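A quick write-up on the structure given underneath.
Protein chains in written order, with the numbering used here: chain F, 1301 to 1556; chain C, 84 to 483.
Here is the structure:
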């Protein structure tokens, strides 16, 4: 049977819109409200190739002002990791794409790793992104989730040296998250400048490579063709949701 | 029965930046090369006699070290104890913070950094960093919570006078924690050119070790001065603990001695979550700002806002080495309220002619309680800073 990690990699390698990179929207769970979360995830899953489910945290140190604000609003609305996993477990239908959980380390630790892995599998989660848990601090967590077939998704950046990049990209399943700016989420991005960086990342890993941070438009997504297997869109979608726009329509426009 | 092997304190932190289970490097991948480079540069600098000589000379000629050890005659009489004060309030810029800020600024210069960022709570670390950057010739930006900008206005002006840009942070709780979040983001944005001068013994490795090494001079001097001026070591050394830099600086040189170590945490106005900032006493382990340590958090792992009358102690986490000293039982930690700290401040003014920082007043309140329970002992108290900056807080306290 295919592991969740492998299912995630396959979904990125075979996107719904051939010719374009896979599209992976990021949502801050519970933003703008908790009520619309289940419907948003299901709607996005029909258009997207994978969804990054963000767990709001009080101190999101690797995020820019837009995601900080959405996290605050979600927390004030009562979004918790337990609520997120329960909601995903009891969706009225199965999402049409794999889900990835993105969380800072502390909410995961407070939940308890063993309990987390069981709940994540039940919720259809295929992998984890933990931005403040680098390779050196993540061994126990990585070993645990790998033993249950879940992907541990490593971030790499333009300042990551080649030897470290090879280490972070080893193994199979899931994908490598290539941060496309040395900065916080939401900064502007010049696709032409990062092509060579993405090509370098791809040459050093056997996993699919998804580019993230600063991808805002359909043109940005198209420009990644041939250089990245997937495009992660976070801040621009959160901004659209914050303006009261239809998040599913926003993502559909990215692949039109 | 077997005798446990005594802990060799000099073994910590280990190669992974851990003090027992605490510490580590929980940083985004973007910062990983930066913390590694910082550790290598610090190891290299500490082994370089020229760097250490330059640091010593600046500590002597510019900071004014060694700071005195003063017999507290009035307090000794009142408390029925033999009380001695380590006078970091007499260091340049008025607090122990300068020891670390100067050390890191010299390290930044040596590493060829183009600019410095720092965070500040009470403003003491901000002022110290502003002064050190002016002295060594580096541009400096300080992030300060908007709440603290208001309650520590004189320090904002001092930083600006020394050419530092002060940026008020309105996010989160608008105090020290939010300021660290913002300074770290700035560092994430430009890790190659920016040097982050972290002000307490917190954050990812190598900071808890680096800050301790720069602050150890407090305890090294105090230990020698106690021996010289009294002929013996104290029975107990007492210091306030926010992030924990002045306390680890005072405690560390005494770890192998038969000296009790007592850290005093800010108890604020009560025991409920959000009413205090007593992390070691009421917290649970978790990860914040790059380190695994004790943390004030809710059941879901969200970090909670804190309260203390003292801006410099108003922090949700604490240095990982203190968590280790607590776990091993080598140091104990006690809590004093806003009220008790303010009483101690008044006592120090009336009987010693010294206006201490509200932070330092916590140490005196804790020392007084210890003295009542242990009569006739010799007590060393860390007087970490002077209280001129706190006049707005004292006015507000009077008017409450």
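Positions of the beta carbon are idealized from the N, C-alpha and C atoms, including for glycine.
From a predicted model like this one, the values you see are computed outputs, not experimental measurements.
Bridge partners for residue i per DSSP, in chain order?
i: residue 465/C; result: 169/C
i: residue 1470/F; result: DSSP output for residue 1470/F lists no bridge partner at all.
i: residue 284/C; result: DSSP, once it has assigned bridges, lists no residue as partnering residue 284/C.
i: residue 251/C; result: 227/C
i: residue 1453/F; result: 1429/F
i: residue 417/C; result: 347/C
i: residue 368/C; result: 377/C
i: residue 105/C; result: 102/C
i: residue 198/C; result: 277/C
i: residue 1477/F; result: 1455/F, 1510/F
i: residue 152/C; result: 169/C
i: residue 147/C; result: DSSP output for residue 147/C lists no bridge partner at all.
i: residue 212/C; result: DSSP output for residue 212/C lists no bridge partner at all.
i: residue 1532/F; result: 1324/F
May I have the straight-line CA-CA distance separating residue i from residue j, to the nearest angstrom?
i: residue 105/C; j: residue 1416/F; result: 22 Å
i: residue 1403/F; j: residue 1327/F; result: 12 Å
i: residue 266/C; j: residue 164/C; result: 43 Å
i: residue 417/C; j: residue 364/C; result: 7 Å
i: residue 452/C; j: residue 162/C; result: 9 Å
i: residue 354/C; j: residue 396/C; result: 16 Å
i: residue 483/C; j: residue 282/C; result: 31 Å
i: residue 1433/F; j: residue 209/C; result: 29 Å
i: residue 1474/F; j: residue 379/C; result: 34 Å
i: residue 439/C; j: residue 256/C; result: 26 Å
i: residue 1441/F; j: residue 434/C; result: 56 Å
i: residue 237/C; j: residue 151/C; result: 26 Å
i: residue 192/C; j: residue 242/C; result: 19 Å
i: residue 1532/F; j: residue 1347/F; result: 13 Å
i: residue 102/C; j: residue 403/C; result: 7 Å
i: residue 1360/F; j: residue 114/C; result: 15 Å
i: residue 1534/F; j: residue 1454/F; result: 17 Å
i: residue 188/C; j: residue 322/C; result: 25 Å
i: residue 334/C; j: residue 320/C; result: 7 Å
i: residue 230/C; j: residue 372/C; result: 20 Å
i: residue 179/C; j: residue 388/C; result: 26 Å
i: residue 467/C; j: residue 1357/F; result: 33 Å
Can a CB atom of chain F be found closer than 9 Å to the CB of residue i?
i: residue 104/C; result: no
i: residue 351/C; result: no
i: residue 70/C; result: In the structure displayed, chain C extends from 84 to 483; residue 70/C sits before or after that span and is not available.
i: residue 267/C; result: yes
i: residue 458/C; result: no
i: residue 264/C; result: yes
i: residue 275/C; result: yes
i: residue 99/C; result: yes
i: residue 193/C; result: no
i: residue 260/C; result: yes
i: residue 188/C; result: no
Nearest chain C C-beta to residue i closer than 9 Å, yes or no?
i: residue 1358/F; result: yes
i: residue 1324/F; result: no
i: residue 1593/F; result: A question about residue 1593/F goes unanswered here, because the residues of chain F that appear run from 1301 up to 1556.
i: residue 1486/F; result: Because residue 1486/F sits at a pLDDT of 46, beneath the cut-off of 50, its placement in the model cannot be relied upon, and the following sentence gives the value as read from the coordinates. Closer than 9 Å: no.
i: residue 1364/F; result: yes
i: residue 1528/F; result: no
i: residue 1388/F; result: no
i: residue 1382/F; result: yes
i: residue 1375/F; result: yes
i: residue 1517/F; result: no
i: residue 1501/F; result: no
i: residue 1368/F; result: yes
i: residue 1461/F; result: yes
i: residue 1555/F; result: no
Any beta-carbon of chain A closer than 9 Å to the one on residue i?
i: residue 271/C; result: Checking the listed chains, one finds no chain A in this structure; the protein chains it contains are F and C.
Selection of the stretch 362–384 of chain C by Cβ proximity to chain F, strictly under 9 Å = 367, 368, 369, 370, 371, 372, 373, 375, 378, 380, 381, 382, 383, 384
Which residues, in order along the stretch 106–139 of chain C, keep a beta-carbon less than 7 Å from a beta-carbon of chain F?
-> 107, 108, 109, 110, 111, 112, 113, 115, 116
So does the stretch 305–324 of chain C actually touch the stretch 271–281 of chain C, counting three or more Cβ pairs closer than 8 Å?
-> no
Do the stretch 87–96 of chain C and the stretch 1541–1556 of chain F touch if we need at least three Cβ pairs shorter than 8 Å?
-> no
Check each residue of the stretch 1431–1445 of chain F: if its Cβ is closer than 7 Å to any Cβ of chain C, include it; give the result in chain order.
-> 1431, 1432, 1433, 1434, 1436, 1437
Going along the chain, which residues of the stretch 1399–1425 of chain F sit with their C-beta nearer than 8 Å to a C-beta in chain C?
-> 1404, 1405, 1406, 1407, 1408, 1409, 1410, 1411
For the stretch 385–400 of chain C, which residues have a beta carbon sitting closer than 8 Å to at least one beta carbon of chain F?
-> 385, 386, 387
Decide if the stretch 314–328 of chain C is in contact with the stretch 458–473 of chain C; the criterion is three or more beta carbon pairs, one per stretch, under 8 Å apart.
-> yes
Does the stretch 339–347 of chain C come within contact of the stretch 406–415 of chain C, defined as at least 3 CB pairs closer than 8 Å?
-> Judged by Cβ distances under 8 Å, the stretch 339–347 of chain C makes contact with the stretch 406–415 of chain C, as three or more pairs qualify.
Are there three or more Cβ pairs, one per stretch, closer than 8 Å when the stretch 1438–1455 of chain F is compared with the stretch 1411–1430 of chain F?
-> yes
Contact between the stretch 119–127 of chain C and the stretch 278–293 of chain C (3+ Cβ pairs under 8 Å) | Verdict: yes, contact present.
Okay, do the stretch 1376–1395 of chain F and the stretch 1326–1342 of chain F touch, 3+ Cβ pairs below 8 Å being the bar?
-> By the C-beta criterion, the stretch 1376–1395 of chain F is judged to be in contact with the stretch 1326–1342 of chain F, since at least 3 inter-stretch pairs fall below 8 Å.
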